[in-house]
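Please read the structure below before turning to the comments.
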Ligand SMILES: [Zn+2]
Ligand SMILES: [Zn+2]
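In my numbering, the protein residues as written are 135 to 378.
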């Protein structure tokens, strides 16, 4: 049993770490190599990324890889996986459920993240836990998983009860985790790459953009959401400050 857990842990941790390093590391390098002209047009804050932050962000990200890997290995090792609601054949529940389940995952994750994020902003938790993530006041993509170990656990633990309750296709779950990682990297880009036309259209104006999340790192409060602005608007926590 221990060998099965170790094997699952190794495969999942390696897969997650490599994809994160590729996308977060790759986009950081691209931003560092970008021309002054492009940066002038796209960066959210009028300051450059600080290379001194990179090592700290990477160090905490490595801890996060192990914590995420432990949670997923606990769920997906062959001794626990059969007890979950995760299914392999998309036809088992049909295509309509597959689409709905992805939307449901996004809404549940966004709701969980918003409230968890607000709770870790309580001074006692902020100073002990969430401060690590906020050491990046103009975050680079490498800050996307730069968390105190307790926060890394809080970031991913929501998936644990969910897979035992909601039927989710395995491939869609992997796709969703990929999308979630990419959106988190986008939120920490420090540059805005979502075209203005998209950000201002009827759907785009409900999205939590890189500009919004950069503003959260800069001012330490407001814009607590992950994918959407629903909760920030309902709870009146959306920042009104002009962010550049
Ligand atoms: Zn925060
Ligand atoms: Zn952040």
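Glycine included, C-beta positions come from ideal geometry on N, C-alpha and C.
Check your understanding: Excluding five sequence neighbours on each side, which residues of the same chain lie with their C-beta closer than 7 Å to the C-beta of residue 222?
Key -> Take residue 222, set aside five residues on each side of it, and the residues of its chain with a beta-carbon closer than 7 Å to its own are 304, in chain order.
Practice item. Please name the residue in 291, 150 and 214 whose C-alpha comes closest to that of residue 313. Key: 150
Review point. Whose C-alpha, out of 228, 367 and 263, is nearest the C-alpha of residue 285?
Key: 263
Point to revise | Simplified DSSP state of residue 181, which is helix, strand or coil | key: coil
Check your understanding: Which residues count as close to ligand 1 when the rule is a CB under 6 Å from any of its heavy atoms, in chain order?
Key -> Listed by position in the chain, the residues whose beta carbon lies within less than 6 Å of some heavy atom of ligand 1 are 251, 255, 264, 268 and 350.
**Study point:** Helix, strand or coil at residue 362 according to DSSP, with G and I counted as helix
**Key:** Reduced to three states, the DSSP call for residue 362 is strand.
**Study point:** Buried/exposed call for residue 388, threshold 16 Cβ in 10 Å
**Key:** Summary: the structure shown does not reach residue 388, with the chain confined to residues 135 through 378, and so no result is reported for it.
Review point. What is the DSSP secondary structure of residue 341, counted as helix, strand or coil?
Key: Three-state result, residue 341: strand.
Review point. Which residue spans inside the region 202 to 289 form an unbroken alpha helix (DSSP H) run of at least 4?
Key: Counting whole runs of 4 or more residues, the region 202 to 289 contains the alpha helix (DSSP H) stretches 228 to 254 and 265 to 268.
Exercise for review: Return the chain-ordered list of same chain residues with a C-beta closer than 6 Å to the C-beta of residue 187, the five sequence neighbours on each side being excluded.
Suggested key: 270
Review point. What separation, rounded to the nearest whole angstrom, lies between the Cα atoms of residue 174 and residue 345?
Key: 14 Å
Review point. Taking the Cβ atom as the reference point for each residue, do residue 276 and residue 159 lie within a distance shorter than 8 Å?
Key: yes
Review point. What's the C-alpha gap between residue 339 and residue 369?
Key: 17 Å
Check your understanding: Closer than 7 Å: is that where the CB of residue 277 sits relative to any heavy atom of ligand 2?
Key -> yes
Review point. How is the alpha helix (DSSP H) around residue 144 delimited, first residue to last?
Key: For residue 144, the enclosing alpha helix (DSSP H) has its first and last residue at 136 to 154.
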